[in-house]
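Those letters in the sequence shown? Residues -30 to -1, 1 to 936, per mature numbering (1 follows the signal peptide of the UniProt record, and there is no 0), in order.
Where a beta carbon is used, it is the ideal one built from N, C-alpha and C, also for glycine.
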Amino acid sequence: MHHPRCQFLIVFIQLVSIISFCHYARRIRGEDNNNTSAIKVDVGVILDLETDVGKVMHISILQALADYHANASRGAITIVPHIRDSKKDDVEAASAAIYLLKEVQVRAIFGPQMSTQTDFVIDLGNRVKVPIISPATSPSLSVKENPFFIRGALPSASQTKAIAAIIKNYDWREVVVIYEDSPYGTGIVPHLTDALLEISTLVSYRSVISPSSNDDQILRELYKLNTMQTRVFIVHLQPFLASRFFLKSKEAGMMSSGYAWLITDVLTSLLDSIDPSVIESSMQGVLGVKPYVPRSNELHSFTKRWRKRFRQEYPDMDQVELNVFGLWAYDGITALAEAVDQVGATSTKKFKKPDTGENLTDLDALGTSEVGSLLIDSMQNTVLKTGLSGDFRIVDGELQASPFEIVNIVGKGQRTIGFWTERDGISCKLKMNGKTSAKCNNKQLGAIIWPGESTIVPRGWEIPTSGKKLRVGVPVKGGLEQFIKVERDPKTQAVTATGFCADVFKEVIQSLPYAVPYDFIPFPIPDRLNLPDYDDLVLKITSKDYDAVVGDVTILASRSEYVDFTLPFTESGVSAVVPVRDDERRDAWIFLKPLKSELWITTGAFFIFIGFVVWVLEHRVNKEFRGPKRKQVGMIFWFSFSTLVFAHRERITSNFTRFVLIVWVFVVLVLTSSYTASLTSMLTVQQLQPTITDLNDLIKNGEYVGYQEGSFVKNMLKRMNFDSSKLRNYSTLEEYNDALSKGSINGGVGAIVDELPYLRVFLNKYCRKYILVGPTYKAAGFGFAFPKGSPLVPDFSRAVLKVMEGEFMNNIIQKWFGNETDCPQKEGMAITSDSLTLDSFMGLFLIAGVSACSALLLFFLIFLYQNREILARDNSIGQKLSAIAKAFDKEKVTSTSKSENPDANESRTDTLSAASEASPEILPNLPLQSPEIRISEGLGASPEPEGFSTTEPGTPVHETITGTIE
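Below is the structure:
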């Protein structure tokens, strides 16, 4: 039996405990408020209080309301939180929401935090017109489709561009996405896939992990991932599942060097909720992204107060720290409180009940809030410049994205290595205003410790651990075996490939910085006569039959739609070869071929023009250019064409004419020299001319055209409007030769159209009989084909460049194709030289024309000046022109020049002088025309100078002797 005092003490302690518990419960519900005169506004809160995140947000909400009420200016309104625990159950969350709306008639609800729980609560909010502020991150919850839904956290889709930027920064071409089988996990996948496609990165595999999976199931999935070649993994799991997943990843050997792991924002932000031993043992070297929270004095002060209150409420959870979800909860409740302040006293209005019958369900009986529309309008565009999480901006019901912080997990914690913003992308540092201050150099975010304590950036892929070799498809060639030849050992059945393309591929493999085992697989090999279609060969990659294709496979746009090609390793282009014509030296009209027709016409026109100019300049002063019209026309043609052989004998009296002839004789000299050289070349050098110079001629003439069997050239010819019935396929160089030798008439072809590498080989063998003609149609050349998005393509392309830049390429070309100069039949061959064109002599004709026109212009100006009295007459224009023409046609009479023989002139003068002194009897036979007689000697009257001296050099002027007879 107990002592009475002891019993009393026990009862007293129990009463104190009950009173303390009741006071504690009132504090949790926020009902401990001394301001009884304030207007009370009920707000619902639905959280998973069994989770660390739920507890963090719970304390943040209570602290936000405490800070709100502590402000003296907020005394008129008291916000009363009604907190309900959803207990990780969707039904509990729905039940709590119905209770808060029906029984308490809350004006708004914060929560739930899980996407599956939030979906139903949002529907309730839309029906009752009560704002739902939820931190659920799933993009499937649309603020546009739900007018009373406000997302109080960043949606998971907002981080996808930041993740894609990291992937692009390291040139990773393939990734594996690992996500949990829940709305939280599946919601991000479409957005992440789109962001990766924008940077040409392929999601090679999607691994779905159920939250209820046991360790063995997770381990089997990891082993499956390890057999694939991709070594970059994006993990989108919640902390409780992620901790088990990474433990098993370590066990599977996938946290070693060569692997790259990237975790999403929720997991990165909640690393504190994971056991530190798991982080230290199984998550070293992992990269993560999370929303950036700027440091501030307000945040530092709040963190102290929050930590103190959290330790009081949850004394057994020392490891849990404040995270971004707690900050968003604080800012969200603060924004709600400010919206309540703006609405004012109207926020106390009750729900409007429906005026229907009594048989109502719980949902129908809820009614609608009369203040919900006012609150949602106030909150949909909220800006908290002093928010603890940074700029807390809600636009159209969606929290706007902030900069993302990129971290590297090292030790038990994480280290910041960079930032990402929508505007500037990845940066090393961030200014205080949230803008990037410097771009990172050399694709480095910062010093990163990768898994396996490696500092080398993972390549992103490896040869699969399943031990499979690279399956390389090669075409079976029945003819052009210089490029690719496939043989199978009859005993071992081993397949070997030789030829130009195979040797290049082997050298490229040797140039890679890692080993790539491979096996050649022929396509197909039923018999040696049926060549494969190259499009079908390439399609074998998409059907997973081959991992790559090696051979003379041309890079085409149509093929690149479903496979990726390396850089080309051969020259590009499609052209044609045709037979050459027989020797042209027996052509009777070959003397006309040195000059093009337009040059012949221009030369003839200039001969006539120069003859006319000379006639104009000499007509008045030179008797040889006078006389009957028929004679003058003949003189124009004769004098000009006689300059062609420098055979003109007519005396020239005008210096204008001399100037014109000096220039023209030089032009004639150049023309005749060029003509002689070109004709000599045509007559002495063997000529090889193509039978056809353009593919269009083949279409016009209805010629047959050959192409290589299995080549894309057939489709190209069809697009060029060649008739399919006029196309013939061949397989070997010998068939090419036979077809061209026969010609279209005898069952062959008029031309072979193929890619340049094949035509070079053909011309090397038959170098005298055929010639390359027509335009070269561009093509990309030969390349190695791989599956779309294959990480091998960039490395192989770089290796191709190395091989092509070295001496190996010249050696391999010499090995398989030889030198073009080795052809013994090429001696004496010459490509037909083109005839001379007008363009080559345009300058000479221009100088000659300008010179002649200038002399003609000066002559007419002087002539008009000398006959200016005609122009001054008061006559009509026609009369003036007629008078000018008569003056031009009239011979110009001048004093007689001295004779070319001065002694004869002197003798003649002495005789006449003696005669004049003698008596008239000694001149009985002189005719007496007048009392005064004039005797002149010479061939004719010499003209007066027309601006220049009219005398020829070295010729004495003839003297005029005048005698008088009395």
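In whole angstroms, give me the CA-to-CA distance for residue i and residue j.
i      : j      : result
Pro487 : Ala63  : 57 Å
Gln199 : Lys25  : 42 Å
Ile426 : Leu124 : 33 Å
Phe858 : Thr572 : 29 Å
Asp366 : Glu115 : 11 Å
Pro643 : Phe629 : It should be pointed out that residue 643 corresponds to Ser in this sequence rather than to Pro. Cα to Cα, Ser643 sits roughly 22 Å from Phe629.
Lys439 : Leu482 : 16 Å
Gly223 : Ile418 : 20 Å
Lys220 : Lys194 : 15 Å
His52  : Asp12  : 7 Å
Tyr284 : Arg768 : 59 Å
Val829 : Leu562 : Just to set this straight, residue 829 is Phe in the shown sequence, not Val. One C-alpha to the other measures close to 37 Å.
Arg551 : Phe493 : 41 Å
Pro460 : Phe490 : 15 Å
Assuming residue i and residue j make a contact with CB atoms under 8 Å, what is their CB distance in whole Å?
i      : j      : result
Ile188 : Pro82  : The Cβ separation is near 27 Å, so there is no contact.
Leu70  : Val61  : Contact doesn't hold; Cβ gap of about 15 Å is too wide.
Phe609 : Gly581 : 6 Å
Thr466 : Phe754 : Actually they are not in contact, since the Cβ atoms of Thr466 and Phe754 sit about 18 Å apart, beyond 8 Å.
Tyr516 : Val442 : 7 Å
Leu167 : Thr130 : Not confirmed; about 11 Å, so no contact.
What first and last residue would you give for the alpha helix (DSSP H) that runs through residue i?
i      : result
Trp390 : Unbroken run through Trp390 is the beta strand (DSSP E), Gly383 to Thr391; no alpha helix (DSSP H).
Val586 : Ser567 to Glu588
Gln87  : Ser85 to Val98
Glu705 : Leu703 to Lys712
Val630 : Asn625 to Thr654
Thr273 : Asn267 to Glu283
If I measure Cβ to Cβ from residue i and keep anything under 7 Å in the same chain, skipping five residues before and after, which residues do I get?
i      : result
Ser108 : Ser85, Ser126, Pro153, Tyr154 and Gly157
Leu358 : Glu268, Leu269, Phe272, Leu297, Tyr300 and Asp301
Ser339 : Arg77, Val98, Lys99, Val100 and Phe321
Glu1   : Only weak support exists for where Glu1 lies, its pLDDT of 43 falling under 50; the value from the coordinates is given anyway. Closer than 7 Å at Cβ, skipping near neighbours: Val50.
Thr468 : Lys455
Quick one: what does DSSP say residue i is sitting in, helix, strand or coil?
i      : result
Trp608 : helix
Gln254 : coil
Gln480 : helix
Ile169 : coil
Asp361 : strand
Pro445 : strand
Lys260 : strand
Pro757 : strand
Asp164 : helix
Gly302 : helix
Gly469 : coil
Asp489 : strand
Trp786 : helix
Val508 : helix
With respect to the beta strand (DSSP E) encompassing residue i, which residues constitute its N-terminal and C-terminal limits?
i      : result
Asn845 : That residue, Asn845, is in no beta strand (DSSP E); it is neither H nor E in DSSP.
Glu150 : Glu144 to Glu150
Asp534 : Val533 to Phe535
Gly819 : No beta strand (DSSP E) contains Gly819, which is instead part of the alpha helix (DSSP H) from Met812 to Gln836.
Leu232 : Ala230 to Ile233
Val11  : Ile9 to Leu17
Val675 : Val675 to Gln678
Asp37  : That residue, Asp37, is in no beta strand (DSSP E); its alpha helix (DSSP H) goes Asp22 to Ala40.
Taking 8 Å as the threshold (beta carbon to beta carbon), is residue i in contact with chain E?
i      : result
Leu306 : In summary, chain E is missing from the structure at hand, where a single protein chain is found.
Counting only the same chain and skipping the five closest in sequence on each side, list residues whose C-beta sits under 6 Å from that of residue i.
i      : result
Ile346 : Pro101 and Phe118
Thr352 : Ala305 and Ile364
Asp55  : Leu19
Met690 : none
Ala135 : Trp390, Gly395 and Ile396
Val23  : Phe295
Given residue i, which residues of its chain have a CB within under 8 Å of its CB, disregarding the five upstream and five downstream residues?
i      : result
Thr356 : Glu268
Phe778 : Glu477
Ser239 : Lys260, Pro261, Asn293, Val294 and Phe295
Asp534 : Ala755, Phe756, Pro757, Lys758, Gly759, Ser760 and Val763
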